[in-house]
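Worksheet: one structure, shown below.
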Amino acid sequence: MYELTNVTKKYDQGKRSVTALNNVTLSIPDGQMVAIQGPTGGGKSTLLQMLGALDRPTGGTVQLGSSDLSKLGQGPLGEIRAREIGFVFQGFNLIPTLTAQENVETALAPSGVSSADRTSRAAAALESVGLGERGSHLPAELSGGQQQRVAIARALVKEPAVLLADEPTGNLDEQTRDEIMDLLEGLWRDRGLTLIVVTHDSAVARRAQRRLLIKQGVVRDVA
Amino acid sequence: MLVTYLRRELAGRRKQTAIVAIGMALAIALVIVVNAVSSGVQLAQSTVLASVYGVGTDITVSQTPAPTEGEEGGGRQDFDFGADDGATTDGTTTVSQARLSVERGTTSFDSAALDAVSGIDNVSAAAATLSLSNTTFDGALPERSTTDTGTAPTDDGTAGGGTPPSGGPDGAGGSSFSVDSFTILGLDPADDAVGPLSAVSLTDGRSLESTDVGTDVAVLDASYATTAEVVVGDTVAIAGTDFTVVGLVTASSADAATASNVYIPLDVAQTLAGLDGQVTDIYVQAASSTDIVQIQADVESALPDATVETQADLASSVSGSLSSASDLVKNLGLWLSLIVLAAAFLIAILFTISGVTRRTREFGTLKAIGWSNGRIVRQVAGESLIQGLIGGVVGIAVGLVGILVINLVAPTLTAGAAATEASALGGPGGGFGQAAVEATTSDIVLQVPVTLSVILIAVGLAVLGGLLAGAIGGWRASRLSPSEALGSIA
Chain A
5 MYELTNVTKK YDQGKRSVTA LNNVTLSIPD GQMVAIQGPT GGGKSTLLQM
55 LGALDRPTGG TVQLGSSDLS KLGQGPLGEI RAREIGFVFQ GFNLIPTLTA
105 QENVETALAP SGVSSADRTS RAAAALESVG LGERGSHLPA ELSGGQQQRV
155 AIARALVKEP AVLLADEPTG NLDEQTRDEI MDLLEGLWRD RGLTLIVVTH
205 DSAVARRAQR RLLIKQGVVR DVA
Chain B
3 MLVTYLRREL AGRRKQTAIV AIGMALAIAL VIVVNAVSSG VQLAQSTVLA
53 SVYGVGTDIT VSQTPAPTEG EEGGGRQDFD FGADDGATTD GTTTVSQARL
103 SVERGTTSFD SAALDAVSGI DNVSAAAATL SLSNTTFDGA LPERSTTDTG
153 TAPTDDGTAG GGTPPSGGPD GAGGSSFSVD SFTILGLDPA DDAVGPLSAV
203 SLTDGRSLES TDVGTDVAVL DASYATTAEV VVGDTVAIAG TDFTVVGLVT
253 ASSADAATAS NVYIPLDVAQ TLAGLDGQVT DIYVQAASST DIVQIQADVE
303 SALPDATVET QADLASSVSG SLSSASDLVK NLGLWLSLIV LAAAFLIAIL
353 FTISGVTRRT REFGTLKAIG WSNGRIVRQV AGESLIQGLI GGVVGIAVGL
403 VGILVINLVA PTLTAGAAAT EASALGGPGG GFGQAAVEAT TSDIVLQVPV
453 TLSVILIAVG LAVLGGLLAG AIGGWRASRL SPSEALGSIA
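Chains A and B, in that order, give the protein sequences. For the first sequence, this note's numbering assigns the number 5 to the initial residue and increments by one for each residue that follows. For the second sequence, this note's numbering assigns the number 3 to the initial residue and increments by one for each residue that follows.
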């Protein structure tokens with residue numbers, strides 16, 4: 005469960021200070037599917053960085069379970085990301101020189117999983133996203149939708165509590181978009197994940213249990 | 003995962019891997035070749051020096067003659083004949099005279115200096131020699147009476163009558179003269195641990211032995227013996243005394259000549275030259291190479307008039323193309339190696355940094371999924387290290403091929419100590435002018451050795467280059483903030 009209390013994030017841009025998050029207080033229960041929408045520059049990405057333990061707020065606290073992410077150093081934050089948080093990016097962010105199987109295995113490397121276990125778990129994760137036969141393919145040999153499925157497998161192979169997806173269908177056509185969202189929704193239901201999706205696409209947002217709108221650093225629920 | 007990732011990255015980014023590896027390979031090959039050629043040149047110098055000064059000689063002690071003309075050891079050598087000298091047969095008078103003197107450019111000094119040197123701390127061995135030159139003048143000229151038989155022209159201008167010139171070697175009043183010279187080294191037959199004879203190989207007969215003290219026996223340089231058509235058992239005349247040839251020696255290296263043409267017992271040489279208790283050179287062996295400077299200083303203090311030279315000074319005396327090669331290796335080769343090595347390291351570093359910059363999103367993604375900074379640094383450093391090692395292996399192969407080519411070409415270098423330098427060093431020279439140079443000039447075939455140390459240096463440089471590039475690239479990657487690295491999020 006996320007508990008954000010009075011979270012503020014400011015960036016210095018030359019002599020100017022930009023407030024990306026302005027006194028955000030937010031609670032996201034475990035197992036909820038949340039869509040975050042808002043205009044460009046409104047603070048969506050910054051909010052996702054706070055939720056993903058990629059950055060710390062200038063003020064306030066970000067609580068994930070029993071961990072206060074706003075007070076942890078880079079090492080412990082990395083451990084939390086390795087253990088509890090899965091990421092899916094708009095650009096897929098697969099390593100181009102590694103095969104689909106190996107890309108999925110990279111998520112297990114920090115956890116100290118044995119090589120054999122890593123191989124079998126990665127294969128199972130690929131199977132679960134419908135790419136069981138494509139493990140030996142390089143990203144360049146896969147379509148956009150298949151690459152995103154590999155990225156989803158990489159995010160889920162470590163069985164995280166939270167899955168953060170940043171515009172996961174932004175680079176896909178409508179049909180593939182729907183396939184990917186079906187997959188994410190199915191995995192969310194089956195695994196009891198907390199799924200947080202940042203999107204511009206209202207069709208995607210409408211699938212979520214809860215929709216948040218962030219504008220000028222201020223977050224509010226959309227009815 | 004690390005190995006898989008390394009393998010995939012290096013295979014997937016072949017162009018970068020090839021450029022870094024080629025740069026490293028060229029640098030390492032150059033270092034290997036320069037290092038090996040340097041060893042080869044040093045080996046050649048040692049061969050030349052050993053043939054002249056003996057194996058294990060660390061220091062030589064000699065004395066530079068005063069420049070006054072006419073004194074012993076310098077100036078012109080005269081052969082004076084009286085009216086009654088020579089033997090006349092069939093109208094031809096033959097004259098012959100041999101002179102035995104200290105070699106030009108050297109001077110003798112009291113052999114008590116040997117005791118002084120031997121008593122210096124850390125001197126493990128010392129031996130004295132007397133360097134002499136035997137010069138023989140042979141002449142054949144017409145009997146004087148046969149050349150004075152003409153008469154003055156007559157008053158009417160006609161030429162005087164009388165018999166035409168006769169006698170002399172050509173029977174027509176002509177003359178012929180020849181001057182023969184060879185070098186002699188008097189040395190203690192009982193002491194061959196240090197000095198010129200310590201570097202030679204016996205090819206026939208025996209060497210000088212302690213029982214040869216006071217006897218007229220000689221050991222000849224094999225090349226000189228061939229020229230003089232002398233074999234073991236024959237005799238050679240030195241200053242009118244016949245010496246029995248008991249052995250022939252040659253330099254340990256087939257390319258170099260030995261220090262002298264003839265070797266005889268020191269006491270005999272001193273008596274024959276009228277230089278009792280005199281020597282021209284002292285050869286000193288230090289207990290340890292670290293003692294050489296101290297011994298040199300002590301000898302200079304004990305013998306203020308002496309010229310004291312170390313092996314380093316001796317090496318600088320080697321002239322000819324060998325010396326040029328040595329200078330080339332020391333100067334151009336060394337700097338070229340360093341510049342190419344620095345360039346290769348710089349290329350490796352720049353490519354690694356460029357690679358890290360290009361892979362910013364990749365490293366950001368890995369950080370986002372929980373990879374630690376240490377793991378990413380290891381990844382980048384590992385890639386650079388492997389690239390360096392590939393360059394190292396290729397560089398060693400190219401370097402070895404380079405060495406092989408040099409050894410197959412086998413360039414011949416001329417090495418020698420110029421007469422003036424040789425005399426200043428106390429080294430033996432020849433009898434007359436140019437002969438002095440020729441006596442210590444050798445043609446050395448440059449052989450470049452491959453040593454384990456050269457290979458280890460190459461591997462070390464490859465590892466160093468790889469680690470350096472990897473450390474800098476890894477440090478840069480570790481400084482990336484995951485949120486900033488992920489362009490799609492930030």
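Positions of the beta carbon are idealized from the N, C-alpha and C atoms, including for glycine. All figures in this text were calculated on a predicted structure; none of them were measured in a lab.
Checklist entry - Which residue or residues does DSSP assign as beta-bridge partners of B/Thr94? => result Under the DSSP definition of a beta bridge, B/Thr94 partners with B/Thr91 and B/Pro144.
Checklist entry - Counting only beta-carbon atoms, is B/Thr367 nearer than 8 Å to chain D? => result Reference to chain D is not applicable here, since the protein chains of this structure are A and B.
Item to check | Residues bridged to A/Gly63 (per DSSP) | outcome: A/Thr12
Checklist entry - Residues of chain B with CB under 9 Å from A/Thr123, in chain order? => result Taking a Cβ-Cβ cut-off of 9 Å, A/Thr123 has no neighbours in chain B, whose nearest Cβ is about 11 Å from it.
Next on the checklist: What residue range does the alpha helix (DSSP H) around A/Met54 cover?
Outcome noted: Here the alpha helix (DSSP H) through A/Met54 covers Lys48 to Leu55.
Item to check | Partners in chain A for B/Ser485, counting only beta-carbon separations shorter than 8 Å | outcome: Within chain A, the residues near B/Ser485 are Gln53, Leu58 and Asp59.
Checklist entry - Among the residues of its own chain, which have a CB less than 7 Å from the CB of A/Gly221, if the five just before and after it don't count? => result Thr23, Ala24, Leu25, Asn26 and Gly47
Checklist entry - Along chain A, which residues have their Cβ under 9 Å away from the Cβ of B/Ala383? => result None at all; the shortest Cβ gap to chain A is about 16 Å.
Next on the checklist: I need the straight-line Cα distance from B/Ala557 to B/Val238, nearest angstrom please.
Outcome noted: As shown, chain B starts at 3 and ends at 492. That puts residue 557 of chain B outside it, with no answer to give.
Checklist entry - How long is the line joining the alpha carbons of A/Gln150 and A/Val166, rounded to whole angstroms? => result 22 Å
Item to check | Residues that B/Arg363 contacts on chain A, provided the C-beta gap is smaller than 8 Å | outcome: Gly95 and Asn97
Item to check | Which of helix, strand or coil DSSP assigns to A/Gln41 | outcome: Three-state DSSP puts A/Gln41 in a strand.
Checklist entry - How should B/Val221 be labelled, buried or exposed, when 16 other C-beta atoms within 10 angstroms of its C-beta is the threshold for buried? => result buried
Checklist entry - Along the chain, where does the alpha helix (DSSP H) that runs through B/Ile378 open and close? => result Here the alpha helix (DSSP H) through B/Ile378 covers Asn375 to Val411.
Item to check | Any 3 or more C-beta pairs closer than 8 Å across the segment 112-124 of chain A and the segment 88-99 of chain A | outcome: no
Checklist entry - Around the Cβ of A/Pro80, are there at least 16 other Cβ atoms within 10 angstroms (buried) or fewer (exposed)? => result Residue environment for A/Pro80: exposed (fewer than 16 other C-beta atoms within 10 angstroms of its C-beta).
Checklist entry - So what's A/Glu163 in DSSP terms, helix, strand or just coil? => result coil
Checklist entry - Taking 7 Å as the line, does the beta carbon of B/Ala114 fall inside it for any heavy atom of the ligand ADP? => result The ligand ADP is absent from the structure shown, which contains no ligands of any kind.
Checklist entry - Looking at the structure shown, is B/Arg363 part of a helix, part of a strand, or coil, going by DSSP? => result If DSSP states are grouped into helix, strand and coil, B/Arg363 belongs with the helices.
Item to check | Neighbour flag for B/Ala479 against chain A, beta carbons, 8 Å | outcome: no
Checklist entry - Alpha carbon to alpha carbon, how far is A/Leu102 from A/Glu189? => result 27 Å
Item to check | B/Leu268 vs B/Leu189 beta-carbon contact at 8 Å | outcome: yes
Next on the checklist: Counting only beta-carbon separations shorter than 8 Å, does A/Thr203 have a partner in chain B?
Outcome noted: no
Item to check | Span of the alpha helix (DSSP H), counted from its first residue to its last, around B/Leu199 | outcome: Here B/Leu199 belongs to no alpha helix (DSSP H), and DSSP marks it neither H nor E.
Checklist entry - For B/Gly207, which of helix, strand or coil comes out of DSSP? => result strand
Next on the checklist: Rounding to the nearest angstrom, what Cα-Cα distance links B/Gly24 and A/Ser124 in this structure?
Outcome noted: In the sequence as presented, Gly is not what sits at residue 24 of chain B; that position holds Ile. Roughly 39 Å separates the two Cα atoms.
Item to check | Below-8 Å beta-carbon distance, B/Ile388 vs any chain A residue | outcome: no
Checklist entry - If B/Gln287 sits next to B/Thr59, beta carbons under 8 Å apart, how far is it from one beta carbon to the other, in whole angstroms? => result Between the beta-carbon of B/Gln287 and that of B/Thr59 there is about 6 Å, and that keeps the pair under the 8 Å contact cut.
Item to check | 8 Å Cβ cutoff met for B/Leu338 and B/Val63 | outcome: Against a cut-off of 8 Å, the Cβ pair of B/Val63 and B/Leu338 comes out as no contact.
Next on the checklist: Can you tell me where the beta strand (DSSP E) holding B/Ser220 begins and where it ends?
Outcome noted: As written in the sequence, residue 220 of chain B is Ala, which differs from the Ser given in the question. Val219 to Asp223 is the extent of the beta strand (DSSP E) around B/Ala220.
Next on the checklist: So, under 8 Å CB-CB, B/Gly467 and B/Ala383 are touching, yes? Tell me the CB distance rounded to an integer number of Å.
Outcome noted: That pair is no contact at about 12 Å.
Checklist entry - Where does A/Thr173 land, buried or exposed, given buried means 16+ other C-beta within 10 angstroms? => result buried
Checklist entry - Around the Cβ of B/Thr414, are there at least 16 other Cβ atoms within 10 angstroms (buried) or fewer (exposed)? => result exposed
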